[in-house]
Ligand code: NAP
């Protein structure tokens, strides 16, 4: 009998969960447990790490998982690497649901960097207003440039002191072009640091930066080993052997 495991935490994972529930496929949705009140899903949900590769392989066997869909964020590389290894170990098919990265369009002023450390180094020396659109676990390197005024945006208020002084916006996306423009104008943002997440939900800040003529330091996705990958919920449903009924 089919029993799918969705490694989730993204808007795409929620869309997939809705479609899988609608199709009546037995499945479990897994959250990493980073946000305090994750969105409800129409599937049985578990929260928290599996305990590395062996923990995930054990879980797959114990729960009779027949298909694993890695719908985590493109920067959740540790989870994705573990899924590749655990599925090989448990001999269980794996597919990644991952949106294509954004590509430059006319008017974009991007500085491409490989990681967060390089992003901090790419900021100017002269004081600037910087919008750091990256997760709280990744902000430490920016303590090396304390001359800047930083704006951070998190889903939950920070529980521990940040490694440097910053203005924190607490808000959950997706955001609109209008609200991103207003936020950037009100705060006099001069630089944006973003991860190349792809997809529509996080794109508004990139569109806003273009329309304001602001530079974006764009952090490339981490490299992962080869794995089967699709970009749409429909493709995952086909992989599962069902035709998607999006919008039904
Ligand atoms: P990560 O560094 O790749 O993962 C670190 C560890 O957290 C993994 O090894 C695993 O622990 C656990 N983990 C991560 N995702 C999990 C999941 N879906 N289910 C169960 N365990 C999970 O991941 P991260 O960058 O911290 O991201 C954590 C979660 O937040 C991911 O699920 C990701 O999809 C989500 N996220 C969403 C967004 C967004 O914009 N929507 C942005 C960033 C992250 P074990 O080794 O113990 O199994």
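Residue numbers (the working numbering): 11 to 258. Even for Gly, the Cβ is constructed at its ideal location relative to N, Cα and C. Just so you know, these numbers come straight off a predicted model, no measurement behind them.
Non-local C-beta neighbours of residue 111 in its own chain, meaning closer than 7 Å and more than five positions away in sequence, comprise 206, 208 and 231, ordered along the chain. DSSP places residue 202 in no alpha helix (DSSP H) but in the uninterrupted beta strand (DSSP E) bounded by 201 to 205. Distances between the C-beta of residue 40 and the heavy atoms of the ligand NAP include at least one below 7 Å.
Looking only at 171, 218, 204 and 143, the smallest Cα-Cα distance to residue 179 is reached by 143. Here the alpha carbons of residue 140 and residue 108 stand approximately 28 Å from one another.
In this structure, residue 102 has its beta carbon at no less than 7 Å from each heavy atom of the ligand NAP. A straight line joining the alpha-carbon of residue 57 with that of residue 211 spans about 23 Å. Relative to the ligand NAP, the beta carbon of residue 234 is positioned no closer than 7 Å to any heavy atom. Between the alpha carbons of residue 173 and residue 183 lies a distance of about 24 Å. One Cα belongs to residue 227, the other to residue 34, and the distance between them is close to 43 Å. For residue 243, the uninterrupted alpha helix (DSSP H) segment begins and ends at 243 to 249. For residue 56, there is no enclosing alpha helix (DSSP H); the residue is part of the beta strand (DSSP E) that begins and ends at 55 to 57. At a Cβ-Cβ threshold of 8 Å, residue 133 and residue 158 count as neighbours.
When DSSP states are grouped into helix, strand and coil, residue 99 belongs to the helix group.
Per the coordinates, the alpha-carbon of residue 114 lies some 25 Å from the alpha-carbon of residue 160. Secondary structure in the region 140 to 174: the beta strand (DSSP E) runs of 3 residues or longer, each lying completely within the stretch, are 159 to 164 in chain order. In this structure, residue 117 has its CB at a distance of at least 7 Å from all heavy atoms of the ligand NAP. For residue 115, there is no enclosing alpha helix (DSSP H), as DSSP marks it with neither H nor E.
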